[in-house]
Amino acid sequence: MNANVWKLLRLTCLLGLTGAAIFVAEWNTSARAKSPAAWDNDRFNGKTVEGTWSVKVTQIDCNTKAPKGPAFPSVLAFAGDGTMVEDTNNPGFAIGQRGSGLGIWSHDGHHTYLAKSIAFIHFGTPGNPPMVPPFKTGTQTISQTITFENDPDEFTSEATIEFADNANPTPNVYLNGCAIATGTRFK
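Okay, so the sequence shown: first residue is 1257 according to my numbering, each after it adds one.
Below you can see the structure in the form of structure tokens.
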């Protein structure tokens, strides 16, 4: 074969390999950019827990699951990087007593997510038992399991709550609670 044919053949191979490399690189980039939750939820209309949610929370007795007072509103926002922000309008707290919660979330299986957030309790209050317990300066930690049934724009949640004081060096958990919630995607 003459030299021009060899040059053309090498150029064709080089272009083919370059195209394949670009394809693989693009595929890997888009695969890494997709959150772990999105892999399972591609079958769920491409939706995950990511986004902002209007939530109705009801405190319940941890043993009997009976409601302990009326539902109250909260807002949860889940980012694609596994972080979350939450805020609540729980009437048990005095105005300005509780800060917004910051936390993390992860995919736990088919349409199920785990989330954990922590918020500061800025000052203590004596409470008003039995509906409003006394609070100490410290933190509130909420651990919840979020489940989607049939609608990717609605979820249910079960949560455990811990209140800890600011004791040094180790805070003491002084109060535990439970709650259930329903969330609707904010659109």
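Where is the CB? At the ideal position from N, CA and C, for every residue including glycine.
contact_flag[the segment 1377-1384, the segment 1360-1367] where n(CB pairs < 8 Å) is 3 or more: In this structure the segment 1377-1384 does not touch the segment 1360-1367; the number of beta carbon pairs closer than 8 Å is below three.
Identity of the residue in Gly-1439, Ala-1435, Thr-1440 nearest Asn-1319 by Cα: As a first step, residue 1319 is located in the sequence shown; it is residue number 63 there, counting from the start. Ranking the options by Cα distance to Asn-1319, first place goes to Ala-1435.
DSSP state of Asp-1317 mapped onto helix, strand, coil: Numbered from its first residue, the sequence shown carries residue 1317 at position 61. Three-state DSSP puts Asp-1317 in coil, outside helix and strand.
Which residues DSSP lists as bridging Phe-1334, in chain order: Along the sequence shown, read from residue 1 onward, the residue named residue 1334 stands at position 78. DSSP output for Phe-1334 lists Gly-1307, Met-1340 as bridge partner(s).
Helix, strand or coil at Thr-1438 according to DSSP, with G and I counted as helix: For the purposes of this step, residue 1438 is taken as the residue at position 182 of the sequence shown. Strand at Thr-1438.
Whole runs of the alpha helix (DSSP H) within the segment 1356-1399, excluding any shorter than 4 residues: none
Burial state of Ser-1356 (16 or more Cβ within 10 Å): Here the question's residue 1356 lines up with position 100 in the sequence shown. Exposed: under 16 other Cβ atoms inside 10 Å.
Through-space distance from Gln-1353 to Met-1340, alpha-carbon basis: Locating residue 1340 in the sequence shown gives position 84, counting from the first residue. Locating residue 1353 in the sequence shown gives position 97, counting from the first residue. One C-alpha to the other measures close to 21 Å.
Beta-ladder partner(s) of Ile-1351, from DSSP: As a first step, residue 1351 is located in the sequence shown; it is residue number 95 there, counting from the start. Answer is none; Ile-1351 lacks a bridge partner.
Close beta carbons around Asp-1421, own chain, < 8 Å, minus the five adjacent residues each side: To locate residue 1421, count along the sequence shown from 1; it is residue 165. If we look at Asp-1421 and ignore the five residues flanking it on each side, its Cβ neighbours are Lys-1392, Thr-1393, Gly-1394, Pro-1427, Asn-1428, Tyr-1430.
Reference Ala-1371; option with closest CA among Ala-1423, Glu-1342, Lys-1303, Ile-1316: On the sequence shown, residue 1371 is found 115 positions in, with the first residue counted as 1. Here the closest residue by C-alpha is Glu-1342.
Environment of Gly-1439 [buried if 16+ CB atoms lie within 10 Å]: Residue 1439 sits at position 183 when you count from the first residue of the sequence shown. Of the other Cβ atoms in all chains shown, 16 or more fall within 10 Å of the Cβ of Gly-1439; this residue is therefore buried.
Cβ neighbour criterion (16 or more within 10 Å) applied to Gly-1359: Within the sequence shown, residue 1359 is the residue found at index 103, counting from 1. With 16 or more other Cβ atoms within 10 Å, it is buried.
DSSP-derived helix/strand/coil call for Ala-1327: Walking along the sequence shown from the start, residue 1327 turns up at place 71. It is coil, neither helix nor strand.
Exposed unless 16 or more other CB atoms sit within 10 angstroms - verdict on Ala-1437: Against the sequence shown, residue 1437 aligns to sequence position 181. By the neighbour-count rule (16 or more Cβ atoms within 10 Å), Ala-1437 is buried.
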